[in-house]
Each structure stands twice: as structure tokens, then as C-alpha cells.
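The structure under discussion appears below in the form of C-alpha cells.
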Amino acid sequence: LVVLVWLGFFLAKGVKINKRVSAVKDVGVYDIKITLNVKNSGSEITDVKVYDRLPHVLLPSKEEFGTLKPANIKKGKEGILVAWEISGLKKGEERIISYKARAKLGIVGSLALPSAVVQYTKNGKRKTVTSKKLAFRLG
60 LVVLVWLGFF LAKGVKINKR VSAVKDVGVY DIKITLNVKN SGSEITDVKV YDRLPHVLLP
120 SKEEFGTLKP ANIKKGKEGI LVAWEISGLK KGEERIISYK ARAKLGIVGS LALPSAVVQY
180 TKNGKRKTVT SKKLAFRLG
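This is how it looks when you write it as C-alpha cells:
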């Protein structure tokens, strides 16, 4: 039992990213609000990069970003990559990144969003953490 408690405590420390999504219908087209919560419960990290990829059927809104604007938005074969840069996060610190995307077409059924990714440096080593993938129904 003590080993399980210690293991749970040990695994709970570190950097986590949680991705949430909500959809709002606006005249037959959906606006989708995406929220990324990056939390550091371990020791200080630096050179933090947060990446989120949108499928080609969604476009990020240029004006609808929360308090943290992306450093880069790039179209590619696998979708649109939105990237943010954070200089560092101290122990217990978190950042909430939110933005809106709009469906290019009317979407009916479910839509899958890939995992968000956090890359950071801790004790001189580069590390990567991913969120869960999301699927939700529209229409």
C-alpha cells in the first residue's frame, strides 16, 4: 500500500496538459472553443513550447485568442499547427491557453482533434508530454 501511494505521488508530479473543447453553433456553422491547460507540479521548467494541431476542416480565428497569442500558425499536410512559446513555469504554476476555431463547412457527426503537445527543458534535458485526443459530436 505504501509503495502504491508513493508511486501515485511520484507519477502525479511533473508537467501535464489537459485539452477541452466546446462547440457553439452560429447560423449553421460551428465555432469551437479549445482550451489547453498546462500545469507544472514539479520543479521549474524552461523553454516551454505548446503545440496544437487542427484538422483541415477547422481554421483558427485570427482575433479570438485568449491572453496568450500564438508565436506561429502554420499550414501543413496533417492540418494547421498552432504554436505558443512560454519562457518557463515555476513549480505549481500553470497557463491556460484558449482560442476559437471555425468549421470551414457545416459539419454533422463527430470530429476528432489530435493531442496537444508540450515540449520543455528540465535539468538540461528536453521532454515531451501530450494530452488525450478528443472526439465530440456536432449537429
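For the sequence shown, the numbering used here gives the first residue as 60, with consecutive numbering after it. A virtual CB, placed ideally from N, CA and C, is assigned to each residue, including glycine. These numbers were taken from a predicted model, which means no experiment stands behind them.
Close-in-space but distant-in-sequence residues of the same chain around residue i (CB under 7 Å, 5 per side omitted)
i: GLY147; result: GLU103, ILE104, THR105, VAL107
i: LEU140; result: TYR110, ARG112, LYS133
i: GLY101; result: LYS72, GLY73, VAL74, LYS150
i: ARG185; result: GLN178
Nearest candidate by alpha-carbon position, reference residue i, set the options
i: LEU95; options: LYS128, VAL116, LEU118, ASN182; result: LYS128
i: GLN178; options: GLU137, SER190, SER120; result: SER190
i: ASN131; options: SER120, GLU137, GLY138, GLU144; result: GLU144
i: ALA142; options: LEU118, ASN77, LEU117, ALA175; result: ALA175
i: GLU137; options: ASN77, ALA162, PRO173; result: PRO173
CA-to-CA distance, residue j to residue i, given in whole angstroms
i: GLU122; j: GLY183; result: 36 Å
i: THR187; j: VAL83; result: 31 Å
i: ASP90; j: LYS159; result: 7 Å
i: ILE258; j: GLY151; result: This structure gives no information on residue 258, because the portion of the chain shown stretches from 60 to 198.
i: LYS98; j: SER81; result: 21 Å
i: SER169; j: ALA194; result: 7 Å
i: SER120; j: PRO114; result: 14 Å
i: LYS192; j: ARG79; result: 10 Å
i: ALA171; j: GLU153; result: 26 Å
i: LEU66; j: ILE76; result: The predicted model places LEU66 with a pLDDT of 47, which falls under 50 and marks its position as unreliable; any figure quoted below should be read in that light. Straight-line Cα distance between these residues: approximately 20 Å.
i: VAL116; j: ALA162; result: 6 Å
6 Å CB neighbourhood of residue i in its chain, flanking five on each side removed
i: GLY125; result: SER157
i: ILE155; result: ASN96
i: LYS181; result: ILE104
Residue i - partner residues in DSSP beta bridges
i: LYS184; result: LYS181
i: LYS78; result: LEU95
i: ASP90; result: VAL83, ARG161
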